[in-house]
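All remarks here apply to the structure that follows.
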Amino acid sequence: MVELTRALLALALTAGMSACGMLSQDHAKGTATVPEAISPEQKATASPDNPDSAVLADFNARLDNYVKKQRALLKGSPISEDATPAQIKARQETVAAELRAVRKDAKQGDIFTPQVTALFKRLMNPEVKEQPRETKQALEEEDGEVAQVNLKVNATWPASEPLTTVPANLLAVLPQLPMDVEYRISNKHHLVLRDVDANIIVDFIYNAIR
Amino acid sequence: MRRVVLSILFLALTGPVAAQGLKLPNKDGSVKFAVIGDTGTGGSDQYAVGKQVFNFRAKFPFDFAIMLGDNLYGGENPKDFSKKFELPYKPLLDGGVKFYAALGNHDNPNQRMYKAFNMNGERYYSFKPSLNAGVRFFALDSNYMDPKQLEWLEKELAGSGSDWKIAFFHHPPYASGMHGSDEILKGQLEPLFIKHGVNVVFTGHEHFYERIKPQKGIQYFVEGSSAKLRKGDINPTGLTAFGYDDGYTFMLVEIIGDELYFETITAQGKTIDSGVVKKGVDNRVVGTAGQSAAPKPAQAAPPVKPAAAPVKPAPASPNAQPPAPR
Numbered sequence: 017m018v019e020l021t022r023a024l025l026a027l028a029l030t031a032g033m034s035a036c037g038m039l040s041q042d043h044a045k046g047t048a049t050v051p052e053a054i055s056p057e058q059k060a061t062a063s064p065d066n067p068d069s070a071v072l073a074d075f076n077a078r079l080d081n082y083v084k085k086q087r088a089l090l091k092g093s094p095i096s097e098d099a100t101p102a103q104i105k106a107r108q109e110t111v112a113a114e115l116r117a118v119r120k121d122a123k124q125g126d127i128f129t130p131q132v133t134a135l136f137k138r139l140m141n142p143e144v145k146e147q148p149r150e151t152k153q154a155l156e157e158e159d160g161e162v163a164q165v166n167l168k169v170n171a172t173w174p175a176s177e178p179l180t181t182v183p184a185n186l187l188a189v190l191p192q193l194p195m196d197v198e199y200r201i202s203n204k205h206h207l208v209l210r211d212v213d214a215n216i217i218v219d220f221i222y223n224a225i226r
Numbered sequence: 556m557r558r559v560v561l562s563i564l565f566l567a568l569t570g571p572v573a574a575q576g577l578k579l580p581n582k583d584g585s586v587k588f589a590v591i592g593d594t595g596t597g598g599s600d601q602y603a604v605g606k607q608v609f610n611f612r613a614k615f616p617f618d619f620a621i622m623l624g625d626n627l628y629g630g631e632n633p634k635d636f637s638k639k640f641e642l643p644y645k646p647l648l649d650g651g652v653k654f655y656a657a658l659g660n661h662d663n664p665n666q667r668m669y670k671a672f673n674m675n676g677e678r679y680y681s682f683k684p685s686l687n688a689g690v691r692f693f694a695l696d697s698n699y700m701d702p703k704q705l706e707w708l709e710k711e712l713a714g715s716g717s718d719w720k721i722a723f724f725h726h727p728p729y730a731s732g733m734h735g736s737d738e739i740l741k742g743q744l745e746p747l748f749i750k751h752g753v754n755v756v757f758t759g760h761e762h763f764y765e766r767i768k769p770q771k772g773i774q775y776f777v778e779g780s781s782a783k784l785r786k787g788d789i790n791p792t793g794l795t796a797f798g799y800d801d802g803y804t805f806m807l808v809e810i811i812g813d814e815l816y817f818e819t820i821t822a823q824g825k826t827i828d829s830g831v832v833k834k835g836v837d838n839r840v841v842g843t844a845g846q847s848a849a850p851k852p853a854q855a856a857p858p859v860k861p862a863a864a865p866v867k868p869a870p871a872s873p874n875a876q877p878p879a880p881r
């Protein structure tokens, strides 16, 4: 009983810290932008009702950490209500450049950790299997215009590639995102976390959809 | 001399084509608007349609236009905004026409900050063209129909006291082209549309024009050929009331009381479909009467060769409304 209480308290603490972004731990050089990987203790404190809660809390913490940085940069590049296309473009590029500088050591898996990757695949693939034709149809774009993006963290999503629609059934099962970032799909299979304002690739999962 | 003749010939071929006959009632005080979809190519066909929309405005003075997504194909540099939007519709913009855009799969969501698209920084939004019009429009981002947007839509629809609730977005829940009906999107949106009395839906994505037979009390239109065209792409199904995939088109729409009149016009100014959507006291569409350039399926006599090349309507389905001349 005591152990269970302790586990629940630890879970609550983990979730609270995640929400506050306290899990983020910068390295000595100040370049790391993501929290440490999920610990065995966190895994152990997952709610019996939702064994994925620790992984989700960890994902949220990492995402929160990113969004805080992005929003701070956006504050430095305000945009007026009657912004011109040139001003919109300039802001996008400025914020992208600043994010690249702040996250210069960012790499694939910083947010979509192996645990998060496994969870996301597990959440999405039943949907794909259940509605294979419909999901495939939703991923189809114009003739020969399926997004073919060379995925690289901090790279720009190329203007030449469509922003492939994310099927609503997949969005319904994935964790909801703040407005600053979104899921996109490249090459019909790879799940991408894309910064909406900066138009850059934040992280990605190869072959998330099979 | 040769140069003069060539210039005259060029002007004759490219000069403004006067708006031809208008079939809408065109009443004072009605809600009037234009519909364009899949526009942002910057190509000559977009300019031709833009010119024709402007020509028709001289007869049919609409105040705003809705854009059904793919507002800018390819690059989104300042020069792209100019070439693919500001120049083709310059006479309309100069004339005070407001454009309300929805996002397509080729659109960077940062378009939401572009003043001329009137999105107020939002990927999805609603607006009323005037306070007492009894009409509210709901612009959705069908590229990203996440639970947050669905929640917003439900709240907006529930709180809207408007009799006419018109949704517009990029991907069609019903269509008979290469993409076909977006079943997943339909599964998400249609229950909300039915529950809250959405009467009319405009979508693009498919590069042709298609009027769908009313489905569950809702009239759907596909207008994705205002700058891109996929000739011969309509494979008529039981859904098709009328389809046209042989030319570039736009729509003019007028709302008077419980009736919504529509007219679909080609880049050459020829009307290829027109009619009226009628709604009942519960705001559900009770029927759509259309008059198209197509031969009707029930007609035994060989039709007069149409100027356009319309797609034959499919055989009537149980919930189809028989086309009737207005």
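As given, the protein sequences belong to chains A and B, one line each in that order.
Heads up: the first sequence begins at 17 in the working numbering, then just goes up one per residue.
Heads up: the second sequence begins at 556 in the working numbering, then just goes up one per residue.
Backbone N, C-alpha and C fix where the C-beta goes; we use that ideal spot for every residue, glycine too.
These figures come from a predicted structure and were not determined experimentally.
Comparing the C-beta of residue i with each C-beta of chain B, is any distance below 9 Å?
i        : result
A:Asp219 : no
A:Lys105 : yes
A:Ala188 : yes
A:Glu114 : no
A:Asn185 : yes
A:Pro142 : no
A:Leu193 : yes
A:Leu179 : yes
A:Ile225 : no
A:Thr110 : no
A:Ser93  : no
A:Val83  : no
A:Gly37  : Residue confidence is low: A:Gly37 scores 36 on pLDDT, short of 50, so the model does not pin down where it sits. Its coordinate-derived value is still stated next. Not an interface residue.
A:Pro101 : yes
Between residue i and residue j, is the Cβ-Cβ spacing less than 9 Å?
i        : j        : result
A:Gln153 : B:Ile739 : yes
B:Val755 : B:Gln774 : yes
B:Gly659 : B:Asn632 : no
B:Arg766 : B:Ser681 : no
B:Ala589 : B:Val808 : yes
A:Ser93  : A:Val71  : no
A:Thr133 : A:Asp74  : no
A:Glu143 : A:Leu186 : yes
Please confirm if residue i has its CB atom under 9 Å from at least one CB of chain A.
i        : result
B:Gln770 : no
B:Asn673 : no
B:Leu695 : no
B:Phe636 : yes
B:Gln743 : yes
B:Leu740 : yes
B:Pro616 : no
B:Asp813 : no
B:His726 : yes
B:Pro746 : no
For residue i, count neighbouring C-beta atoms within 10 Å of its own C-beta (all shown protein chains included) and say buried if the count is 16 or more, exposed if not.
i        : result
B:Lys741 : buried
A:Met195 : exposed
A:Arg87  : exposed
A:Phe220 : buried
A:Arg210 : buried
B:Gly651 : exposed
On the three-state DSSP scale, how would you describe residue i?
i        : result
B:Val519 : This structure cannot speak to residue 519 of chain B, because chain B is shown only from 556 to 881.
B:Glu677 : coil
B:Met700 : coil
A:Ile104 : helix
B:Ala589 : strand
B:Met733 : coil
B:Leu815 : strand
B:Ser637 : helix
B:Lys710 : helix
A:Ser93  : coil
B:Lys720 : strand
A:Arg210 : strand
B:Ile739 : helix
B:Lys653 : strand
Could you check the C-alpha separation between residue i and residue j for me, to the nearest Å?
i        : j        : result
B:Leu648 : B:Glu677 : 21 Å
B:Asn665 : A:Val212 : 7 Å
B:Gly598 : A:Thr180 : 23 Å
B:Asp837 : B:Gly812 : 14 Å
B:Pro769 : B:Val840 : 7 Å
A:Ile217 : B:His762 : 30 Å
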